[in-house]
Amino acid sequence: MTSDNDRRRGLLARLRGERPAARSRGRRRLGAAVRLIAALTLAGGAYTVFAPGVQAQENPPLTGAAAEGKALFDVSCVTCHGRNAQGVEGRGPSLIGVGAASVEFQVSSGRMPMARQEAQAMRKPPVFNDEQVRQLARYVQELGGGPQVPEGDLREGANLATGGELFRINCSQCHAFGGGGGALSSGKYAPSLRPASDRQIYAAMLSGPQNMPVFGDNQITPDQKADIIAYIQDTLKHDQDQGGFNLGRYGPSTEGLAIFLIGIVALVFASLWIAGKS
Amino acid sequence: MKRRKLDMASVPGKAAVGVDERFQVSTPLRKLLNKVFPDHWSFLLGEIALFSFVVLLLTGVFLTFFYEPAMTEVVYNGSYAPLRGTPMSAAYASSLDLSFDVRGGLIMRQMHHWAALLFMAAIVVHMLRVFFTGAFRKPRETNWIIGSLLFWVGFLAGFTGYSLPDDGLSGTGLRIASGIMLSIPVIGSWVTSSIFGGEFPGDIIISRFFIAHVLLIPGLLVALISAHLGLVFKQKHTQWPGPGRTNENVVGERMFPRYALKQGGFFMVVFGVIALMGGLFQINPIWYFGPYEAWVVSAASQPDWYVMFLDGSTRLMPAWEINIPIGDGYVIPPLFWPTVVLPGILVGLSTLYPFVEARRLKDYRSHNLLQRPRDVPERTAIGAMAVAFYIVLTLSGGNDVIADKFQISLNAMTWAGRIGLLVVPPLAYYVTYRICLGLQQHDREVLAHGVETGIIRRLPDGRFEEVHQPLAAGGHDGHGELEYVGWVVPKKMNRLGALGPAIRGFFYPIEKPAEAPVSPGHPPVESRPERKEIGSGSSPR
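Taken in order, these protein sequences are the chains called A and B.
Residues 1 to 278 in this note's numbering are what the first sequence lists, from first letter to last.
Residues 1001 to 1541 in this note's numbering are what the second sequence lists, from first letter to last.
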């Protein structure tokens, strides 16, 4: 109370131009305190002016779909990916900046939500429908941006031969020549491409899920991606197998099994039959 | 003029006389046609290999009409759309044409490949039969060695043929083969550059492999097969012991007509199975592998099954590199041990085995009678050990496919293979040995006590015992005095004729099963008398 009164008196005195011949030490100190308090008040005032703006950056207004997505996220994903998709140490990574493509791939193929923590998430019947996947993707997209799968026909104007060549160079190392998938180290694996849709393949190339490398648009252009998708969908999946049953397209392993289980077994029975005829 | 009537029945005889008068062949032919072959199903396994070799020659000749063994680059313009416009070697393009544009080409290619797999599989199965029955013993050691060589020459034939289409898979195999050759100390780089005409892949390897595959190796195979069969003729086929069969005779069927007819029929069966597999099952779909490019290596790139054990040994080998500090330093890569040293040891062990066994048993007599595997437990157990070793390696050769499809970690598969390679063969040895002893013991038991009848008798003092049917009369205490003669001991009553014969026939019984014996204590059950309608008693009109 006392200091307040002092301050008020001092200020008035100065405004009136009454300058004391020699300011006492006490008064000088009082002046410094007054200036400090004034500066603090100013800063505080400025803060109150700008503070709402800062809050708006943390919680930007979400579009309708994204808001729906956030609601889904807060129920199904938040346990591992944390609040606002910032990730939880040791459970799930941050999703800021992974983009809609990644969400679309992981959720529409049923890999997310994961059943349990293991070497790699596996394809399951999806938990969310297409609309919900779109909403989740929108939410993550609005959180931090990132790659998105373009709309429209993803195989338009594709060239099968180029697609085949690109597939063999870039994909067959892990997914195998027939797209059936293959083993990686320590329980990880490249999944079969047979159940994958156009958009899932495109999203996988863009986002590089799990152990897959990212094939960005400057490594494989969108046109080339269309070629690859067309090769997978039109040749590997819809091709009628020339030459009969393909034995699962596992290469020489199952061929070796077949010659023993079918060829040798049939002929041993034939020899039993022929030798028994006497 | 009276027309002479043609007597059809006398035509073959007259023709034969005519031939003999000109060529004097009846004496040697009679000897040949009367040659006796013992008959047992297990003696037909080698024929599977022989007949699939015939199919290989037939289909292979067809393939050479259309295949172009050149590495000149062409642009494919055939009817398989997903490869149209792709630059590739002429060899690959002509293989694609064979598959898609030559009429019947694909089934010929597939039959050729299935026949090759069957050829190798039948060789191995036949070899196991010869090993486990002791058919390799004196005087047949040479034929055993020729048979082992046939496996390795067939191995080379298979590998060169696998490389000819010049697709992505076969190119990967060739790259590995060049790596194996390079790993040989001192001479490796010279061997590789002389075979490939410089650095891998060069532009000559396909034409070289072609001439090896269609001329040199088949020539060698034909020569070895002829020697193999010639020795079987000369030394006569072994036979199982049994009534009337001794070490000095051969009991069986004459070459003509029965044996020849059976063999002709069996050839048709083998041909038919290969044709069915060629038509029903896709093999080596080269159009998915694409043309070979050094940077294209697909997952699940495996060799054919008979090479897979080398792939497996390579996968299991730890990365032990030997650095020898001579000059700039000399390196023996780890690849050298599983792919050059191991097959070398295997060839040596398998060819020398007959001599090792004879020396160990001090048995230098000639043997024309076979042994049942159970009677030589040590050899049978060694064979089981070898089979276990081979199977662990072969499974490891496909361990990435197994890991993926059965959802096992690939690292776990590799370690399982490493440990399994050391643990499973001794285990197989022990288990087989014990099984052999158990089977031997049961044979002796049946000979001593008779066959179990399944009839349980209760004695006056309350004990139960099973009634045994002795196999021979006499002896004290119902015990027969029968010697084991190295052949099947009857162990069921119906083998003794006591319960009526087992029903004969392959799919359907060809004779009526014997009537079950009726116990004299009970009269046969009569069918119910026909019931009459109870009426008013008036007589029917």
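Built from N, CA and C at the ideal position, the CB exists for glycine as well.
Remember, predicted model here, so these are calculated numbers, not experimental data.
1) Using a Cβ-Cβ cut-off of less than 8 Å, give me the residues of the region 181–209 of chain A that come near chain B, in sequence order.
2) For the structure I just gave you, are there three or more beta carbon pairs, one from the region 1234–1250 of chain B and one from the region 1481–1491 of chain B, closer than 8 Å?
3) When Cβ atoms are compared, which residues of the region 1060–1093 of chain B fall closer than 9 Å to chain A?
4) Would you say Cys174 (chain A) lies against chain B (beta-carbon separation less than 8 Å)?
5) From the DSSP output, read off the bridge partner residues of Asn1323 (chain B).
6) Apart from the five residues on each side of it in sequence, which residues of its chain come closer than 8 Å, Cβ to Cβ, to Leu1316 (chain B)?
7) Are the C-beta atoms of Asn246 (chain A) and some chain B residue less than 8 Å apart?
8) Is it true that the CB of Ala1135 (chain B) sits closer than 8 Å to the CB of Thr1238 (chain B)?
9) With H, G and I counted as helix, E and B as strand and the rest as coil, what does DSSP make of Ala121 (chain A)?
10) Please confirm whether Val1489 (chain B) and Leu1447 (chain B) have their CB atoms less than 8 Å apart.
11) Going by beta carbon distance, what residues of the same chain come within less than 8 Å of Leu1156 (chain B), once the five residues before and after it are set aside?
12) Which residues in the same chain as Leu166 (chain A) place their Cβ atom closer than 8 Å to its Cβ, once the five residues preceding and following it in sequence are excluded?
13) Write down every uninterrupted run of the alpha helix (DSSP H) in the region 1086–1134 of chain B whose length is 4 residues or greater and which is fully enclosed by it, in chain order.
14) Give me the DSSP bridge partner(s) of Asp217 (chain A).
15) Please list, in chain order, the chain A residues whose beta carbon lies closer than 9 Å to that of Lys1035 (chain B).
16) Per the contact definition of three or more C-beta pairs closer than 8 Å, is the region 1203–1212 of chain B in contact with the region 1053–1071 of chain B?
17) Who are the near neighbours of Ser1170 (chain B) in its chain, counting only those whose CB is closer than 6 Å to its CB and skipping five residues on each side?
18) Over what stretch of residues does the alpha helix (DSSP H) that includes His1468 (chain B) continue unbroken?
19) Using a beta-carbon distance below 8 Å, is Glu255 (chain A) in contact with chain B?
20) What's the gap between the Cα of Ile1146 (chain B) and the Cα of Ala1227 (chain B)?
21) Which chain A residues sit within Cβ distance under 7 Å of Pro1303 (chain B)?
22) Taking Cβ-Cβ distances below 9 Å as the criterion, which residues of the region 218–245 of chain A are in contact with chain B?
23) Does DSSP classify Ala56 (chain A) as helix, strand or coil?
24) Output, in sequence order along the chain, the residues in the region 1275–1289 of chain B whose CB is closer than 9 Å to any CB in chain A.
25) My parser needs the alpha helix (DSSP H) runs of 4 or more residues fully inside the region 192–251 of chain A; what are they?
26) Taking the alpha carbon of Leu136 (chain A) as the point to measure from, which residue in A:Gly164, A:Ser76 and A:Thr41 has its own alpha carbon closest?
27) Answer yes or no: do Leu1410 (chain B) and Ser172 (chain A) have a C-beta to C-beta separation smaller than 8 Å?
28) State the Cα-Cα distance for the pair Ala56 (chain A) and Gln117 (chain A), rounded to the nearest angstrom.
29) Taking the beta strand (DSSP E) that Thr1238 (chain B) belongs to, which residues open and close that run?
30) By the criterion of Cβ-Cβ separation under 9 Å, what are the contact partners of Leu160 (chain A) in chain B?
31) Report yes or no: do three or more beta-carbon pairs, one from the region 105–120 of chain A and one from the region 34–43 of chain A, lie closer than 8 Å?
32) With a threshold of 6 Å on Cβ separation, who are the neighbours of Arg155 (chain A) within its own chain once the five nearest residues in sequence on each side are excluded?
33) Have a look at His1112 (chain B) and Ala258 (chain A) and give me their C-alpha separation to the nearest angstrom.
34) When the cut-off is 8 Å and only beta carbons count, does Trp1487 (chain B) lie next to chain A?
35) How about Arg138 (chain A) and Ala204 (chain A): do their beta carbons lie closer than 8 Å?
36) Counting along the chain, where does the alpha helix (DSSP H) carrying Arg1418 (chain B) start and finish?
In this structure, then:
1) With the criterion set as a beta carbon lying under 8 Å from some beta carbon of chain B, the members of the region 181–209 of chain A are Gly181, Gly182, Ala183, Leu184, Ser185, Ser186, Gly187, Tyr189 and Ala190, in sequence order.
2) Using a C-beta cut-off of 8 Å, the region 1234–1250 of chain B makes contact with the region 1481–1491 of chain B, since at least three inter-stretch Cβ pairs fall below that distance.
3) Here the close residues are Tyr1076, Tyr1080, Ala1081, Pro1082, Leu1083, Arg1084, Gly1085 and Thr1086.
4) Flagged as an interface residue toward chain B: Cys174 (chain A), by a C-beta distance shorter than 8 Å.
5) Residue pairing for Asn1323 (chain B): DSSP places it in a beta bridge opposite B:Val1331.
6) Here the set comprises Pro1338, Leu1393, Ser1396, Thr1414, Gly1417, Arg1418 and Leu1421.
7) True, the Cβ-Cβ gap to chain B drops below 8 Å.
8) For the pair Thr1238 (chain B) and Ala1135 (chain B), the CB atoms are nearer than the 8 Å cut-off.
9) Assigned with DSSP and collapsed to three states, Ala121 (chain A) falls in coil, not helix or strand.
10) In this structure, the beta-carbon distance from Val1489 (chain B) to Leu1447 (chain B) falls below 8 Å.
11) Closer than 8 Å at Cβ, skipping near neighbours: Ala1212 and Ile1217.
12) For Leu166 (chain A), same chain residues with a beta-carbon under 8 Å away, outside a window of 5 residues either side, are Ile220, Gln224, Asp227, Ile228 and Tyr231 in chain order.
13) Runs found: 1090–1100 and 1105–1132.
14) Paired residue(s): none; Asp217 (chain A) is not in a bridge.
15) Within 9 Å Cβ-Cβ: nothing; Lys1035 (chain B) doesn't reach chain A, min ~17 Å.
16) The region 1053–1071 of chain B and the region 1203–1212 of chain B touch, with no fewer than 3 CB-CB distances between them shorter than 8 Å.
17) Closer than 6 Å at the Cβ level, and outside the excluded window around Ser1170 (chain B), lie Tyr1162 and Ser1163.
18) Element bounds for His1468 (chain B): not the alpha helix (DSSP H) but the beta strand (DSSP E), Phe1464 to Gln1469.
19) At a cut-off of 8 Å, the C-beta of Glu255 (chain A) has a neighbouring C-beta in chain B.
20) Ile1146 (chain B) and Ala1227 (chain B) have their C-alpha atoms roughly 8 Å apart.
21) Near Pro1303 (chain B) (Cβ distances below 7 Å), the residues of chain A are Pro252.
22) When C-beta distances to chain B are compared with 9 Å, the residues of the region 218–245 of chain A below that value are Tyr231, Asp234, Thr235, Leu236, Asp239, Asp241, Gln242, Gly243, Gly244 and Phe245, in chain order.
23) Unreliable positioning characterises Ala56 (chain A) in this predicted model, as indicated by a pLDDT of 49, which lies under 50. A coordinate reading is not provided.
24) Residues of the region 1275–1289 of chain B that bring their beta carbon within less than 9 Å of a beta carbon in chain A comprise Leu1276, Met1277, Gly1278, Gly1279, Leu1280, Phe1281, Gln1282, Ile1283, Asn1284, Pro1285, Trp1287, Tyr1288 and Phe1289, in sequence order.
25) With a minimum length of 4 residues, the continuous alpha helix (DSSP H) runs that stay inside the region 192–251 of chain A are 198–207 and 222–230.
26) Per the Cα distances, A:Ser76.
27) Against a cut-off of 8 Å, the Cβ pair of Ser172 (chain A) and Leu1410 (chain B) comes out as no contact.
28) Because Ala56 (chain A) sits at a pLDDT of 49, beneath the cut-off of 50, its placement in the model cannot be relied upon, and the point is left open.
29) It is not in any beta strand (DSSP E) - Thr1238 (chain B) carries neither H nor E in the DSSP assignment.
30) Contact annotation for Leu160 (chain A) against chain B: Ala1081, Pro1082, Leu1083 and Arg1084 [CB-CB distance below 9 Å, chain order].
31) As far as the Cβ criterion goes, the region 105–120 of chain A does not touch the region 34–43 of chain A, which means the pair count is below three.
32) Residues Ala226, Ile229 and Ala230 of the same chain have their beta carbon placed closer than 6 Å to that of Arg155 (chain A), with the five preceding and five following residues left out of the count.
33) Pairing His1112 (chain B) with Ala258 (chain A), the inter-Cα distance amounts to about 15 Å.
34) No, Trp1487 (chain B) does not count as interfacial toward chain A.
35) No, these two residues do not count as a Cβ contact at 8 Å.
36) Run containing Arg1418 (chain B): Leu1410 to His1449, per the alpha helix (DSSP H) assignment.
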